[in-house]
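Protein chains in written order, with the working numbering: chain A, 1 to 255; chain B, 1001 to 1463.
Cβ atoms here follow ideal geometry from the backbone N, Cα and C, with glycine treated the same way.
In this text the structure is predicted, and so the values were computed from the model without any measurement.
A short write-up of the structure that comes next.
This is the structure:
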């Protein structure tokens, strides 16, 4: 079994390489290949069972798009052919149509699915998320500058139960096209969601593999889920910086 | 900026608020500044600033640097004011300016030393120009607030005034690249016995050249991306130091700082690498300000790191309790603390008070940072016990297991106070690693440990 991690030296924000460290514990016999940004992407020239790309900075997004754009058709064939991809954080924007900057300028993505993202670096979105996938709960947090939009929810990955989906109007979070899984959820996703991890393992042909620290992972998941499901749990709160110790006065002065 | 009626009203109102707070015995609050900015959004721009401002910014170490710098100025009888008891965001800065101004908005002192939050740059620098700005380092911090190091760099590059002289960490490729057009000096450490060539940390925020985005070669690694680098593609390399620390002697706790033809030897208040950098930043900043080496050298001999950051207590039976600030959400600060614990002598228990209750109450709780933090440092035979507490202890326990820390060394529980009765009698030292919002809890636990059998009882046989 071969797992390719794309550009881990730069696509490693928000603890998301924890997903890979967990996979390494679960699949000690698998071959884990790290492809640097200056290296050759493997999955378009050899069989790879899982391709992973983690969250990155906005400048890095542009470098990654430049790197992968010449491989667009090959990547499209891999997605259509059922290769399993897991993209977390803003990595899912790379294969979308475009990313729109605050000034309206656009950065073309690979255009492999109908999705565009709008950046707003003045207002960072932070929220917790509870969703549903394949009959199980999925949890994570979102921390991002961009919000994504799709024409409809048909390509959604997780059904929203609590929190914000791809955008405030969406009933789904993330994107799924064949076996391409893209989600803004951080956690890391695989460590925090044993049911989703088991689903992914089934998909890459490791269905009978027990999870590493399975009992402990299930316990942590159950405790978190109980809290997330509680009516008192609020998925999104006002940023702390907006909270002032005193109410604003209804006074208007002229300069 | 002109002073308007609105400004004077805001100043008067804020001063009344400060007086009221003083009467009811509340200290160190940013409420007067909050009011001033609510009533007059560009208040900081309108109030008259002191003749000279020394600013301290950066991801880690700015409070330590500011405190040391202020202590040295005090010992030299140089009058100044600062925001030591308040916050380092715009409301805290406004509060410090209000407290140290008269009713006309004129400063009472000619010098201000201000710790400036790097994330608040857009709310500060348009209104306030430091003459000297010391930047300790740039790292990733809370992902929810600071996003990532590139974002912080971009706002600093955009907002720092062109006339500000920068005192930068030359061993940090991100920090040393700030505002290339500004007048600047660099500080750097020549050699440490612990120097490496490979980064053993999870996080490296400077993997590519800040100049051409090519792969960066790390010639010397101190921690994370701190060290000396070069780029084989474009020739970029770490800058030459204007203030170079040499001959670091951790047994004598001294270092020599060379600047041009001159050199002086200074005491080190703490032996950790990050605090050697902090001390060097203080020395470089004060020499740039115009102090003589002697004016810095003498106060440094008696200086200590603030007790709210690091405090050792000896127990009746000769063991030690060490309170060590680690800062939840900040993977670098926690990794530094974990490495310090690993390197400390003796057999240690480690209590992590990093479950961010404050975070959960006021914003979205995140545990993602645990996976950027080097828990692997805690997987060491000298650490006989790791105690994980708080609402998310199951998640932290899982993270510790993924760092291959043996299960039989880990104790985890919901209630923080139960940790005291779980202490391993074989440990010589208990490190309490706490975060900024658990200072009072850590102190309460320290007291409980002092009263416990662990601190008073006989040491186990065979020790």
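Would the C-beta of residue i count as close to the ligand SAM, meaning under 7 angstroms from any of its heavy atoms?
| i | result |
| --- | --- |
| residue 1068 of chain B | Annotation note on the ligand SAM: not contained in the displayed structure, which lists no ligands. |
Around the Cβ of residue i, are there at least 16 other Cβ atoms within 10 angstroms (buried) or fewer (exposed)?
| i | result |
| --- | --- |
| residue 1226 of chain B | buried |
| residue 188 of chain A | buried |
| residue 234 of chain A | exposed |
| residue 1001 of chain B | exposed |
| residue 1024 of chain B | exposed |
| residue 1198 of chain B | exposed |
| residue 344 of chain A | Because residue 344 of chain A is not part of the residues shown, which for chain A are 1 to 255, the question remains open. |
| residue 1491 of chain B | Beyond the ends of chain B as shown, which are 1001 and 1463, falls residue 1491 of chain B; an answer cannot be given. |
| residue 1158 of chain B | exposed |
| residue 1409 of chain B | buried |
| residue 250 of chain A | In this prediction, residue 250 of chain A scores a pLDDT of 34, lower than 50, which makes its location untrustworthy; the coordinate-derived value is nonetheless stated afterwards. So residue 250 of chain A ends up on the exposed side. |
| residue 1284 of chain B | buried |
| residue 1338 of chain B | buried |
| residue 1005 of chain B | exposed |
| residue 1085 of chain B | exposed |
| residue 1087 of chain B | buried |
| residue 115 of chain A | buried |
| residue 215 of chain A | exposed |
| residue 14 of chain A | buried |
| residue 38 of chain A | exposed |
| residue 222 of chain A | exposed |
May I ask you to list the residues that DSSP assigns as paired with residue i?
| i | result |
| --- | --- |
| residue 1449 of chain B | Answer is none; residue 1449 of chain B lacks a bridge partner. |
| residue 1434 of chain B | B/1325 and B/1353 |
| residue 131 of chain A | A/138 and A/160 |
| residue 1258 of chain B | B/1244 and B/1263 |
| residue 1055 of chain B | B/1114 and B/1133 |
Would you tell me roughly how many angstroms separate the C-alpha atoms of residue i and residue j, rounded to the nearest one?
| i | j | result |
| --- | --- | --- |
| residue 1188 of chain B | residue 1272 of chain B | 15 angstroms |
| residue 1030 of chain B | residue 194 of chain A | 44 angstroms |
| residue 3 of chain A | residue 53 of chain A | 11 angstroms |
| residue 87 of chain A | residue 153 of chain A | 18 angstroms |
| residue 1196 of chain B | residue 1123 of chain B | 39 angstroms |
| residue 217 of chain A | residue 76 of chain A | 34 angstroms |
| residue 72 of chain A | residue 155 of chain A | 20 angstroms |
| residue 231 of chain A | residue 50 of chain A | 37 angstroms |
| residue 1301 of chain B | residue 1431 of chain B | 26 angstroms |
| residue 1294 of chain B | residue 1250 of chain B | 21 angstroms |
| residue 1013 of chain B | residue 1310 of chain B | 37 angstroms |
| residue 1177 of chain B | residue 1377 of chain B | 30 angstroms |
| residue 1215 of chain B | residue 1312 of chain B | 42 angstroms |
| residue 184 of chain A | residue 92 of chain A | 7 angstroms |
| residue 12 of chain A | residue 55 of chain A | 6 angstroms |
| residue 1274 of chain B | residue 111 of chain A | 45 angstroms |
| residue 1371 of chain B | residue 1101 of chain B | 46 angstroms |
| residue 1238 of chain B | residue 20 of chain A | 32 angstroms |
| residue 1145 of chain B | residue 121 of chain A | 11 angstroms |
| residue 64 of chain A | residue 97 of chain A | 14 angstroms |
| residue 1343 of chain B | residue 1068 of chain B | 24 angstroms |
| residue 28 of chain A | residue 1368 of chain B | 23 angstroms |
| residue 1125 of chain B | residue 127 of chain A | 30 angstroms |
| residue 1366 of chain B | residue 1265 of chain B | 44 angstroms |
At a CB-CB cut-off below 7 angstroms, which residues of chain B make contact with residue i?
| i | result |
| --- | --- |
| residue 15 of chain A | 1368, 1369, 1370, 1371 and 1372 |
| residue 9 of chain A | 1207 |
| residue 18 of chain A | 1371 |
How would you list, in chain order, the residues of chain A whose beta-carbon sits under 8 angstroms from the beta-carbon of residue i?
| i | result |
| --- | --- |
| residue 1395 of chain B | 192, 220 and 224 |
By the criterion of Cβ-Cβ separation under 7 angstroms, what are the contact partners of residue i in chain A?
| i | result |
| --- | --- |
| residue 1191 of chain B | None at all; the shortest Cβ gap to chain A is about 27 angstroms. |
| residue 1148 of chain B | 13 and 57 |
Check the Cβ of residue i against every Cβ in chain B and list those closer than 8 angstroms, keeping chain order.
| i | result |
| --- | --- |
| residue 216 of chain A | 1394, 1397, 1398 and 1401 |
| residue 25 of chain A | 1402 |
| residue 21 of chain A | 1371 and 1402 |
| residue 174 of chain A | Result: empty, since nearest Cβ-Cβ is about 16 angstroms, beyond 8 angstroms. |
| residue 213 of chain A | 1398, 1401 and 1402 |
| residue 82 of chain A | Per Cβ cutoff of 8 angstroms: no residues; residue 82 of chain A is ~29 angstroms from chain B at best. |
Give me the chain B residues within the contact set of residue i, using Cβ-Cβ distance strictly less than 9 angstroms, ordered along the chain.
| i | result |
| --- | --- |
| residue 205 of chain A | Near residue 205 of chain A there are no residues of chain B at all, since even the closest Cβ is about 23 angstroms away, more than 9 angstroms. |
At a Cβ cut of 8 angstroms, what residues of the region 176-188 of chain A count as close to chain B, listed as they run along the chain?
If the cut-off is 8 angstroms between Cβ atoms, the region 176-188 of chain A has 186, 187 and 188 near chain B.
Got a sec: which bits of the region 1079-1106 of chain B sit with their beta carbon under 7 angstroms from any beta carbon on chain A, in order along the chain?
Cβ contacts with chain A: none found.
Short of 8 angstroms Cβ to Cβ, which residues in the region 1206-1222 of chain B face chain A?
Answer set for the region 1206-1222 of chain B: 1207, 1208, 1213, 1214 and 1215.
Using a Cβ-Cβ cut-off of less than 8 angstroms, give me the residues of the region 1112-1135 of chain B that come near chain A, in sequence order.
Residues of the region 1112-1135 of chain B with a C-beta less than 8 angstroms from any C-beta of chain A: none at all.
In chain order, what residues of the region 31-55 of chain A put their CB closer than 9 angstroms to some CB of chain B?
For the region 31-55 of chain A, the residues whose beta carbon sits under 9 angstroms from a beta carbon of chain B are, in order, 36, 37, 38 and 55.
Using a Cβ cut-off of 8 angstroms, which residues of the region 63-80 of chain A contact any Cβ in chain B, in chain order?
Going along the region 63-80 of chain A in chain order, one finds 63 with a Cβ nearer than 8 angstroms to chain B.
Select from the region 97-129 of chain A all residues with a C-beta closer than 8 angstroms to any C-beta belonging to chain B, and list them in chain order.
Listed in sequence order: 121, 124, 126, 127 and 128.
Give the residues from the region 145-175 of chain A that approach chain B closer than 8 angstroms (Cβ to any Cβ), ordered along the chain.
Shown in chain order are the members of the region 145-175 of chain A whose Cβ falls below 8 angstroms from a Cβ of chain B: 145.
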